[in-house]
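Trainee: If you're matching positions, the sequence shown starts at 538 in the working numbering and goes up one per residue. Beta carbons are placed, not taken as given, at the ideal position from N, Cα and C, and that holds for glycine. Just so we're clear, the structure is a prediction, and the values are computed from it rather than from any experiment.
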Amino acid sequence: MTEQLPSKLTRNAIFLVLVASLGYFVDIYDLLIFSIVRVRSLREIGVPDSQQVPTGQFIMNVQMFGLLLGGILWGVIGDKLGRIRVLFGSILLYSLANFANGMVHNVNTYAIIRFVAGIGLAGELGAGITLVSETLSKQNRGWGTTIVAVIGLFGAVAAAIVGKQDWRIAYYVGGGLGIILLLLRLGTFESGMFKNVAEKNVSKGNFFMLFTNWGRFSKYLYCILIGAPLWYVVGVLVFLSPEFGTALGAKETLSAGTGVLYTYVGISVGGVFAGILSQITKSRKLTMLIFLLVSAGTVVAYLSARGLTNNQFIWLCFFMGCAVGYWATFVTIAAEQFGTNIRSTVTTTVPNFVRGSLIPISALFNVFVKHYGMITSGYIVMGILTVVALLSLSQLKESFHKDLDYIEDINLSEVSEKI
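Structure, rendered in structure tokens:
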């Protein structure tokens, strides 16, 4: 029988939530620092202004490809060797990559190191959410994952503040934060559910299990698709805010760094409300439905804000961030959909596949831009992603009260008996 925590949180559980939260803080800092220092860093290494957008998108897509590969790598390691090893290995890799990023002098080196950083970044959130979900009781795990996301997302605020300084120093700070956190993690403990599964003769961390059964594969795909609108808002609408500002006839040049800062402040605030709403309604699906609809409305407001000022831009980014503040809820849904023996694989790959979806989303957006311009293309892509997300959400089962102490059989969708 798996060891279960009582409803009252223990000191160890609180420490685990704190460490996972700080890990996600550093993760978000590193994930977004390039968006914030993109223009200044590329100019300094010799990229002309005319090549800012394609070069920036190239480096961002390379980083996202690293996230895709890293998501699979760390997810499998988490199920085969333990969630704790992922927490140590991932943060060490992206901390070293951050230090290296402060020393680049050309585009290709910049891209290669962001690829390595992407691999390292891929393991942080999934391992943290998996550990928290498996350690806390089902009544409290929603609060735990919400705390992880809310504290973690303030890493974007730190990145925006530090990013205003010299861009090389901003990367060094990210590396230093990672090393400090690595030392804090020496006191963390492994998931009891994982320890029990580790002793069983079952398939663990088998990524291909997700594709051997239609019900399991479709569930996995739906988990990815419900999160895609969030990263479109951050990775396209805010990342390209200087260019959107020009298309909207903004009275001042819009700053992507400022947009990222206030978008993620909004995501943190929205994360609190999403967590509270899901706990009150005891429904993660209803929470996701509300936030997906509201996020579509805020994007319409942003794309229709002709002649906007910097102050209006800041408020729009904040409200868009609030509306896509379902990140913790979405990742928790993924963690709750699958058995312990592939839970880390799913919970690590799903958010990284959502981040990696920026590659096809950007490509689709660029195709539309050639024919319809930036603003109309912004509407079209958001509309497509929202409809797909809503349809995917409708196919997932409610998981709020689900007992996570079960395994996935290699041939069957789910084995519900106790391990």
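1) Quick one: what's got a C-beta closer than 6 Å to ARG705's C-beta in the same chain, skipping five residues either side?
2) To the nearest angstrom, report how far apart SER544 and ASN677 are at their CA atoms.
3) Thinking just about the alpha-carbon of each residue, which of VAL918, ALA648, THR846, VAL653 is nearest to the one in THR783?
4) Tell me which residue opens and which closes the alpha helix (DSSP H) that MET597 is part of.
5) Report the residue from SER914, ASP703, LEU673, VAL576 whose alpha carbon sits nearest the alpha carbon of ILE596.
6) For ASN889, report the span of its alpha helix (DSSP H) as first-last.
7) Give the secondary structure of VAL952 by DSSP, where H, G and I count as helix, E and B as strand, and everything else as coil.
8) Just mark GLY702 as buried or exposed, buried being the case when its beta carbon has 16 or more other beta carbons within 10 Å.
9) Between the region 850–868 and the region 795–811, do at least 3 Cβ pairs fall closer than 8 Å?
10) How big is the Cα-Cα spacing for TYR769 and GLY893?
11) Mind the definition here: the region 581–600 touches the region 684–698 only if three or more C-beta pairs lie below 8 Å; say whether that holds.
12) Does DSSP put GLN932 in a helix, in a strand, or in coil?
13) What are the complete beta strand (DSSP E) segments, minimum 3 residues, inside the region 660–739?
14) Using the three-state DSSP reduction, which class does MET640 fall into: helix, strand or coil?
15) Consider the C-beta atom of PHE744 and the heavy atoms of the ligand ATP; say whether any pair is separated by less than 6 Å.
16) Return the chain-ordered list of same chain residues with a C-beta closer than 7 Å to the C-beta of LYS822, the five sequence neighbours on each side being excluded.
17) So what's ALA787 in DSSP terms, helix, strand or just coil?
18) So, under 8 Å CB-CB, THR667 and ARG620 are touching, yes? Tell me the CB distance rounded to an integer number of Å.
19) Helix, strand or coil: which one does DSSP assign to LEU629?
20) Helix, strand or coil for ARG843, going by three-state DSSP, please let me know.
21) By how many angstroms is the C-alpha of MET825 removed from the C-alpha of VAL831?
22) Compare the beta carbon distance of GLY608 and ALA659 with 7 Å and say whether it is the shorter of the two.
23) Tell whether a beta-carbon distance below 7 Å holds between ASP567 and GLY689.
24) Roughly how many whole angstroms lie between the Cα atoms of ALA637 and ILE565?
Mentor: Walking through what the data contain:
1) Once the five neighbours on either side are set aside, the close Cβ partners of ARG705 are GLY639.
2) Confidence is the limiting factor: at SER544 the pLDDT is only 43, short of 50, which leaves the residue's position unreliable and the question unanswerable from this model.
3) Looking at the Cα atoms, THR846 is the closest of the given residues.
4) Segment 589–617, the alpha helix (DSSP H) holding MET597.
5) For ILE596, the nearest C-alpha among the options comes from VAL576.
6) Secondary structure note for ASN889: its alpha helix (DSSP H) is the uninterrupted segment 877–893.
7) At VAL952 the pLDDT is 45, less than 50, meaning the model places this residue with poor confidence; the figure from the coordinates comes in the next sentence. Secondary structure at VAL952: strand, using DSSP grouped into helix, strand and coil.
8) A small fix is needed here, since residue 702 is Gln in this sequence, not Gly. Around the beta-carbon of GLN702, fewer than 16 other beta-carbon atoms lie within 10 Å, marking it exposed.
9) Contact between the region 850–868 and the region 795–811 is present: three or more C-beta pairs spanning the two stretches fall below 8 Å.
10) In a straight line, the C-alpha of TYR769 is about 11 Å away from that of GLY893.
11) Counting C-beta pairs with one atom in each stretch, the region 581–600 and the region 684–698 have fewer than three that are closer than 8 Å, which means they do not touch.
12) In the displayed model, GLN932 falls within a helix according to three-state DSSP.
13) Within the region 660–739, no complete beta strand (DSSP E) run reaches 3 residues.
14) Looking at MET640 - three-state DSSP - the assignment turns out to be coil, as it is neither helix nor strand.
15) Although the ligand ATP was asked about, the structure shown includes no ligands whatsoever.
16) Once the five neighbours on either side are set aside, the close Cβ partners of LYS822 are LEU930, LEU933, GLU935.
17) Residue state, collapsed to three classes: coil.
18) Indeed, because the Cβ distance is near 5 Å, the residues count as touching under 8 Å.
19) Correct three-state label for LEU629: helix.
20) The answer is coil: DSSP assigns ARG843 none of H, G, I, E or B.
21) The C-alpha of MET825 is placed about 10 Å away from the C-alpha of VAL831.
22) Yes.
23) The answer is no: Cβ separation not under 7 Å.
24) Their backbone Cα atoms lie some 18 Å apart in a straight line.
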